[in-house]
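Using the numbering used here, you'd call the opening residue of the sequence shown number 483 and step up by one each time. The beta-carbon is built from N, C-alpha and C at its ideal position, and this holds for glycine as well.
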Amino acid sequence: MSWVYGILCLIFLILFHEFGHFVAAKLFGVKVESFSIGMGPVLLHKTIKGTDFRLSLLPLGGYCGMKGEKDFQKSVESGLTEIVADKDSFYGVHPAKRAMIAFAGPFFNFIFAVIGYAIINMIGYSYVTASNRIIIPTPEESKITIAKDAGLLTGDKIISINGNKTEYWDDITQNIVIRPDEDIVIIVDRDGQEISFNVHTGLDKSQGIGVLGIKADAENLIKRDSPRYSFFPAFGHGFIDTIKTIKVTFKSIGILFKGVELKNTVSGLGRVTDMLGTSVVSGFSHDAKTGFISLFDLMAIISVSLAVMNLLPIPVLDGGLILIAVIECIIRRKIKPKVQYYIQFIGIAFIILCLILAIYGDISYFTNRSK
Numbered sequence: 483m484s485w486v487y488g489i490l491c492l493i494f495l496i497l498f499h500e501f502g503h504f505v506a507a508k509l510f511g512v513k514v515e516s517f518s519i520g521m522g523p524v525l526l527h528k529t530i531k532g533t534d535f536r537l538s539l540l541p542l543g544g545y546c547g548m549k550g551e552k553d554f555q556k557s558v559e560s561g562l563t564e565i566v567a568d569k570d571s572f573y574g575v576h577p578a579k580r581a582m583i584a585f586a587g588p589f590f591n592f593i594f595a596v597i598g599y600a601i602i603n604m605i606g607y608s609y610v611t612a613s614n615r616i617i618i619p620t621p622e623e624s625k626i627t628i629a630k631d632a633g634l635l636t637g638d639k640i641i642s643i644n645g646n647k648t649e650y651w652d653d654i655t656q657n658i659v660i661r662p663d664e665d666i667v668i669i670v671d672r673d674g675q676e677i678s679f680n681v682h683t684g685l686d687k688s689q690g691i692g693v694l695g696i697k698a699d700a701e702n703l704i705k706r707d708s709p710r711y712s713f714f715p716a717f718g719h720g721f722i723d724t725i726k727t728i729k730v731t732f733k734s735i736g737i738l739f740k741g742v743e744l745k746n747t748v749s750g751l752g753r754v755t756d757m758l759g760t761s762v763v764s765g766f767s768h769d770a771k772t773g774f775i776s777l778f779d780l781m782a783i784i785s786v787s788l789a790v791m792n793l794l795p796i797p798v799l800d801g802g803l804i805l806i807a808v809i810e811c812i813i814r815r816k817i818k819p820k821v822q823y824y825i826q827f828i829g830i831a832f833i834i835l836c837l838i839l840a841i842y843g844d845i846s847y848f849t850n851r852s853k
C-alpha cells in the first residue's frame, strides 16, 4: 500500500509542475492542446475551451502539451534556417514569454514547497534531540578521528559552526552533513571558556555527507516543540524554509562531484516513490498530525529537488529552454533549428545517463534492503 501512496504523491508533484506550464502558457497566449494525468494511451478525455483534458493509462505523472513544441524538429526536417511557427504556438511567442512558460513549472514546485512548509509551521510539531554536548567515540566505535585530532574533547559544547548557533544536536548535524571536505570554524564551550577550532571535515562517500567523528550525548535527551505560527507568519517562515532547502539542494548537487558513491546518493523514481509511501504509512501510523508533518516535509523537499533539477541549464529540461530563450533575447534573433536539434541531442544523452545511474542506484538500494 505504501507504493500506492508514494505514486499518488509523486503524480501530484509532477502535475503541479505541469499545471504551472499550463497557467503560464494560457497567460502568454500559447494554445494548450492537451493536459494529461498520467502518460501513455488515453483512457478518458474531454475537450474544454480548446484543451483536451486526459486521463492516461500509465501513472507516471502527466504532461502539458502546448501547440508547436516540436516546430523546431519540423523545421530541421524541412531544412529551414529558421523555426516557422504560428503566433499562438510555443515557438511563435517572444522568447521572454517562452522563458517564463518554461520557468513556471519549477516555480510552481517552489510554491508547493512554501505551502507545505507553511502548513507545517501552522501545525507545529515536537521531537526529541540531544544537547550540544558532544562525545568523542572510542576507536572501536568509529575510525573517524577528525574532531579528536583537532583537539575537541568529550564534554565540549559546540555553540557555533561557521557562525551559525548550535544549541542542540540537530543543529550540529545540519551544519556538518552539508559541509563535507570543507574547512569550518567550530566554537565550543569548555567549562565556561569559549575555544575556537579550525577543522577540515571528512566525507562519507557512501552517503555523500560531511562527518566529524563525534556523537550525541544520548543519555540527556531533550524534547523540543517547534514554534506555531498564524496564517501569514507561517507562509513567511515557509518561504524562508524553502530558500534554505534550495541552498541545501544546490549544495547536495555539488557534493556529487566530490567522488561519492552515486549508486547510494542518486535516487530514481523507484526509491523516491518508496520514500514517499513509507513516510506516509509510518507517519500516519502514529497519528494524523505526525503523518501530515512527515508527508508535507518530504514532499516539500522533493518538490524543491524537482524544481532545481529542471532549472539546470541542460537541453530538454526547462532550464535548457530558458537558456535558449535568453540567448535569443540577447542576440535578438532565433537560434537555427539545426543548432537546437544538436543541443537537444546532447541533452537527451545526458538525461539517459542520469536515468541509468538512477536505475542502478534504485536496484542497489532495493537489493541491499532485501538482504
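- For THR655, the enclosing alpha helix (DSSP H) starts and ends at 651–659.
- According to DSSP, LEU537 shares a beta bridge with ILE519, LEU526.
- Straight-line measurement puts the Cα of PRO523 at about 8 Å from the Cα of LEU540.
- Taking one beta carbon from each stretch, the segment 543–553 and the segment 602–621 have fewer than 3 pairs nearer than 8 Å; the two do not touch.
- Put simply, the segment 779–790 touches the segment 588–602. At least three CB pairs are less than 8 Å apart.
- As the crow flies, the alpha-carbon of CYS811 is around 37 Å from that of ILE660.
- With three or more CB-CB distances shorter than 8 Å, the segment 502–522 counts as touching the segment 530–537.
- Taking all protein chains shown into account, THR563 has fewer than 16 neighbouring C-beta atoms within 10 Å of its C-beta and is therefore exposed.
- Every alpha helix (DSSP H) of 4 residues or more that sits fully in the segment 785–831 is shown, in chain order, as 800–813.
- With at least 16 other beta carbons inside 10 angstroms of its own, ASP638 counts as buried.
- Spatial neighbours of LYS697 in its own chain (CB-CB distance under 6 Å, excluding positions within 5 residues in sequence) are listed in chain order as ILE617, PRO619.
- When DSSP states are grouped into helix, strand and coil, ALA612 belongs to the strand group.
- For ASP631, the secondary structure class from DSSP, reduced to helix, strand or coil, is helix.
- The way I'd put it, the segment 620–635 doesn't touch the segment 646–659; fewer than three beta-carbon pairs between them come closer than 8 Å.
- Separation of ASP699 and HIS682 (C-alpha to C-alpha, rounded to the nearest whole angstrom) is 23 Å.
- DSSP places ARG580 inside the alpha helix (DSSP H), whose first and last residues are 577–605.
- With respect to the 8 Å criterion, ASN680 and ALA612 are not classified as neighbours on the basis of their beta carbons.
- Contact between SER571 and VAL512 holds: their C-beta atoms lie close to 7 Å from each other, under 8 Å.
- Here DSSP, grouped into helix, strand and coil, assigns VAL730 to helix.
- Secondary structure at SER560: coil, using DSSP grouped into helix, strand and coil.
- Just so you know, the alpha carbons of ILE493 and PRO819 end up roughly 33 Å apart.
- With fewer than 16 other Cβ atoms inside 10 Å of its own Cβ, PRO709 counts as exposed.
- Taking a C-beta distance under 8 Å as the contact criterion, HIS499 and GLY598 do not qualify as a contact pair.
- Cα atoms of GLN689 and GLN656: separation of roughly 14 Å, rounded to the nearest angstrom.
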